Amino acid sequence: EPEVTQTPSHQVTQMGQEVILRCVPISNHLYFYWYRQILGQKVEFLVSFYNNEISEKSEIFDDQFSVERPDGSNFTLKIRSTKLEDSAMYFCASSVRGPGQYFGPGTRLTVT
Amino acid sequence: KNEVEQSPQNLTAQEGEFITINCSYSVGISALHWLQQHPGGGIVSLFMLSSGKKKHGRLIATINIQEKHSSLHITASHPRDSAVYICAVKKNYGGSQGNLIFGKGTKLSVKP
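In structure tokens form, the structure reads like this:
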């Protein structure tokens, strides 16, 4: 069964450093999403991406965040200058249309 | 007020018991997801519903659009069902995509 993959599974970085989280969505999917979950809290929407542009973003997704689909398969989330409060589990998801999102296993980001 | 509310927050059951987890939402939706999150953090989509009822193995999900309520039932529960169960809704924007809004989750523990 096709699945969404994410790398790395765990990333440790120092405050102020840039990180790039990578996702490979399911190949025929057209819509891509990033969510995050701070430890002990609920999952929160960050951004959705369609047709090579951001279609929606939340208040969390400020200028420190960016997304890119650099080639036909990868979908990346970049955090330019990480803060302690960016420590969270980051989930990528994809869908053929809006409903029916498939989630990746997540990347645990730890900012020290 | 949260747009998606789940109850109970925590649930402990004995193996074999019938389990019900509830989700209420306050917005117009086009779809509702039930998701399972294991202790390792990964999220698995169990069901996507827009009406009626769906069944997969020992899991049953129902939704009442008029009452803005959904339930997830687990029959003959087993310790391996222990996980956090999350309700998430897709707001009805009238378009074909949109982010998911998540409940806080219900932590289920099934004792042998």
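Chains as they are written, first to last, in our numbering: chain A, 1 to 112; chain B, 1001 to 1112.
C-beta: ideal position from N, C-alpha, C; glycine also.
These numbers come from a predicted model, not from an experiment.
Same chain only: Cβ atoms within 7 angstroms of residue i, ignoring 5 sequence neighbours per side
i	result
B/I1065	S1051
B/N1092	G1028, I1029 and S1030
Closer than 8 angstroms to chain A by CB, residue i
i	result
B/T1022	The amino acid at residue 1022 of chain B is misidentified as Thr; the sequence shows Asn. With 8 angstroms as the cut-off, B/N1022 does not count as an interface residue toward chain A.
B/F1102	yes
B/G1028	no
B/G1016	no
B/G1105	yes
Close-in-space but distant-in-sequence residues of the same chain around residue i (CB under 8 angstroms, 5 per side omitted)
i	result
B/S1096	Note that B/S1096 scores 44 on pLDDT, short of 50, meaning its location in the model is unreliable; the coordinates nonetheless yield the value given after this. So the list is empty, once near-sequence residues are dropped.
A/R97	L30 and Y31
B/L1100	H1033, A1088, V1089 and K1090
Proximity winner among the options, relative to residue i (alpha-carbon distances)
i	options	result
B/K1055	B/T1106, B/I1086, B/C1023 and B/T1075	B/T1075
A/R80	A/F61, A/Q37 and A/D71	A/F61
B/E1119	B/L1035, B/I1043, B/C1087 and B/M1048	No statement about residue 1119 of chain B is possible, as the shown extent of chain B runs from 1001 to 1112 and does not include it.
B/G1042	A/S9, A/G100 and A/V111	A/S9
A/Y35	B/F1102, B/S1109 and B/G1057	B/F1102
A/V4	B/R1080, B/G1040, B/V1084 and B/V1044	B/V1044
A/G104	A/V111, A/V96, A/S95 and A/F91	A/F91
A/A88	A/S27, A/F32, A/E44 and A/E1	A/E44
B/K1053	B/W1034, B/A1013 and B/N1099	B/W1034
A/E1	A/Q11, A/E18 and A/N28	A/N28
A/E68	A/N52, A/T112 and A/G106	A/N52
Contact set for residue i: own chain, Cβ-Cβ below 6 angstroms, skip 5 residues either direction
i	result
A/I20	T76 and K78
B/S1070	C1023, L1032 and I1063
B/I1060	H1073
A/W73	Contrary to the premise, residue 73 of chain A reads as Ser rather than Trp in this sequence. Cβ within range, chain order: V24.
B/P1112	E1015 and P1079
B/L1049	L1032, A1061 and I1063
A/G16	S81
B/S1026	E1003
Beta carbon proximity, residue i to chain B, threshold 8 angstroms
i	result
A/Y102	yes
A/R36	no
A/E56	yes
A/K83	no
A/R108	yes
A/M15	no
A/F91	yes
A/P2	no
A/P105	yes
heavy atom of the ligand NAP below 7 angstroms from residue i C-beta
i	result
A/V96	You won't find the ligand NAP in this model; it holds no ligand whatsoever.
Contact with chain D by residue i, beta-carbon distance below 8 angstroms
i	result
B/N1099	Among the protein chains in the structure shown, which are A and B, there is no chain D.
* Asked: Given a limit of 9 angstroms on CB to CB distance, which residues of the segment 1038–1069 of chain B reach chain A?
  -> G1040, G1041, G1042, I1043, V1044, S1045, M1048 and S1050
* Minimum length 3: unbroken beta strand (DSSP E) runs contained in the segment 1052–1107 of chain B -> 1052–1056, 1059–1064, 1069–1074, 1083–1091 and 1100–1102
* Let me know the beta strand (DSSP E) ranges lying completely inside the segment 1–39 of chain A, each 3 residues or longer, listed in chain order. => 5–7, 10–13, 19–24 and 31–37
* Asked: What residues from the segment 1081–1094 of chain B come within 9 angstroms of chain A, judged by C-beta to C-beta, listed N to C?
  -> I1086, A1088, K1090 and Y1093
* Cβ-based contacts, 9 angstroms cut-off: residues of the segment 38–49 of chain A near chain B -> Q41, K42, V43, E44, F45, L46, V47 and S48
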